[in-house]
Amino acid sequence: MSEKIYVPPIKIQGIKTKLIPLIRRNVVVDEETLWIEPFMGSGVVGFNVKPKKAIFADKNPYIIDFYEQLKDKKINSYIIRTFLEENGRLLSEKDDEYYYEVRERFNSKHEPLDFLFLNRSCFNGMIRFNKDHKFNVPYGHKPQRFSKAYITKIVNQVKYIEECLSVCDWEFICDSFEKTIGKATEKSFIYCDPPYIGRNVDYYDSWNECDENKLCEALKGSKNKFMLSTWDHNDYRANLYINELWGFCHKITKEHFYHVGAKEENRNAVIEALLINYEPFENSSCISSENVQLKFA
Ligand SMILES: C[S@@+](CC[C@H](N)C(=O)[O-])C[C@H]1O[C@@H](n2cnc3c(N)ncnc32)[C@H](O)[C@@H]1O
Numbered sequence: 005m006s007e008k009i010y011v012p013p014i015k016i017q018g019i020k021t022k023l024i025p026l027i028r029r030n031v032v033v034d035e036e037t038l039w040i041e042p043f044m045g046s047g048v049v050g051f052n053v054k055p056k057k058a059i060f061a062d063k064n065p066y067i068i069d070f071y072e073q074l075k076d077k078k079i080n081s082y083i084i085r086t087f088l089e090e091n092g093r094l095l096s097e098k099d100d101e102y103y104y105e106v107r108e109r110f111n112s113k114h115e116p117l118d119f120l121f122l123n124r125s126c127f128n129g130m131i132r133f134n135k136d137h138k139f140n141v142p143y144g145h146k147p148q149r150f151s152k153a154y155i156t157k158i159v160n161q162v163k164y165i166e167e168c169l170s171v172c173d174w175e176f177i178c179d180s181f182e183k184t185i186g187k188a189t190e191k192s193f194i195y196c197d198p199p200y201i202g203r204n205v206d207y208y209d210s211w212n213e214c215d216e217n218k219l220c221e222a223l224k225g226s227k228n229k230f231m232l233s234t235w236d237h238n239d240y241r242a243n244l245y246i247n248e249l250w251g252f253c254h255k256i257t258k259e260h261f262y263h264v265g266a267k268e269e270n271r272n273a274v275i276e277a278l279l280i281n282y283e284p285f286e287n288s289s290c291i292s293s294e295n296v297q298l299k300f301a
């Protein structure tokens, strides 16, 4: 089976691109469903499920600002192309000096176009902020990053979102997961992909046991169907919260490789889990490997 996956313009560590087919097969969404995604990150999950009505939320205000401005037509694919051509040219001329100039500009003005530029030219497409809320990811050392083909790819990614926004009723909000889940109506589906406990050291991306407990309570309290992405185990450890906290859920698992750094040996295999509070359409034992075709990757 081959299916298209739309890749979004903003990247983030922990992006669920490769899990989309599995997620898409197991969510319960129809024309009436309000899709609630309290930890949108790149948005790749909801953007591929493409629900008619959705609330995409995140604690990170810059992700939300980018999509709000796209929705409000303050920025568009044409503006983005022009901006990346101009700033890409300056990057190729001035190299790291220009990257750090834009980083400083972003940290004082918080313009979404600068955020996109940094996200696509920083080290490994990471999003990371220090305790003073300053974007602090170093340069990716690719002065020729914004080639014509690369810009066209990003522009096509933006155009896909513009198309979705023209036919779907999508809202983008910067809020905590508790408030976002509180917006669920009777016919909502909630997809959660919180940071994984013990793995994150970022201002907008910290997570602890107390957060995990609160999330569990909020999801139980909403009475809607939900799906939670988490990790099940790796070669060294198992996620003990799955049995201790989420024992009332069904579990679907799949092996996933995370790339930390550029080297092949830094690939870490993790068994990912999808926890759902309804009967699964498939179980982990019958999951076959998928042929995923990335669109605009
Ligand atoms: C693992 S990422 C989500 C990745 C996303 N599913 C994707 O595929 O791109 C987790 C996201 O949760 C956000 N986040 C962390 N703590 C949060 C909180 N308390 N409330 C809302 N969002 C939060 C982070 O900013 C980050 O974007």
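The numbering used here numbers the first residue of the sequence shown as 5 and each following residue consecutively.
No residue lacks a Cβ here, since even glycine has one placed at the ideal position from N, Cα and C.
Residues of the same chain with a CB within less than 8 Å of the CB of Trp235, apart from the 5 flanking positions on each side, are Tyr200, Asn243, Val274, Ile275, Glu276, Ala277 in chain order. The alpha-carbon separation between Glu105 and Asn140 amounts to approximately 12 Å.
Taking the Cβ atoms as the reference, Cys196 lies roughly 7 Å from Phe230, within the contact range of under 8 Å.
For Cys172, there is no enclosing beta strand (DSSP E), as DSSP marks it with neither H nor E.
Contact between Glu41 and Phe176 fails: their C-beta atoms lie close to 10 Å from each other, not under 8 Å. Every unbroken stretch of the alpha helix (DSSP H) spanning 4 or more residues and falling wholly within the region 69-118 is given here in chain order: 81-98, 100-113.
In this structure, ligand 1 has a non-hydrogen atom nearer than 7 Å to the beta-carbon of Val49. Distance from the C-beta of Asp215 to the nearest heavy atom of ligand 1 is below 7 Å.
Counting C-beta pairs closer than 8 Å gives three or more between the region 26-45 and the region 58-65, which meets the contact rule. By the C-beta criterion, the region 153-167 is judged to be in contact with the region 80-95, since at least 3 inter-stretch pairs fall below 8 Å. Sequence-distant Cβ neighbours of Thr37 in its own chain, meaning closer than 8 Å and more than five residues away, are Pro55, Lys56, Lys57, Lys191, Ser192, Phe193. Selection Glu90, Val171, Asn111 evaluated against Lys152 yields Glu90 as nearest (Cα-Cα).
Shown here, Ala153 sits in a helix according to DSSP, grouped into three states. Cα atoms of Pro147 and Lys113: separation of roughly 23 Å, rounded to the nearest angstrom. Using a cutoff of 7 Å, the CB of Trp211 counts as near ligand 1, since one of the ligand's heavy atoms is closer than that. In the three-state DSSP reduction, Ile131 falls in the coil class, being neither helix nor strand. DSSP places Ser226 in the helix class (H, G or I) of the three-state scheme. Within the same chain, and ignoring the five residues on either side of Gly144 in sequence, the residues whose Cβ sits closer than 6 Å to its Cβ are Ser125, Cys126, Phe127. Per the coordinates, the alpha-carbon of Lys20 lies some 11 Å from the alpha-carbon of Ile9. Tyr240 is classed as exposed because its beta carbon has fewer than 16 other beta carbons within 10 Å across all chains shown. Under the 10 Å beta carbon count, Asn272 is surrounded by fewer than 16 other beta carbons and is classified as exposed. Between Leu94 and Arg107, the C-beta gap is not smaller than 8 Å, which leaves the two residues out of contact.
The distance from the Cβ of Asn228 to that of Cys253 is about 14 Å, inconsistent with a contact at the 8 Å cut-off.
Annotated as proximal: Ile185 and Ser226, with beta-carbon spacing under 8 Å. Distances from the CB of Pro55 to the heavy atoms of ligand 1 are all 7 Å or more.
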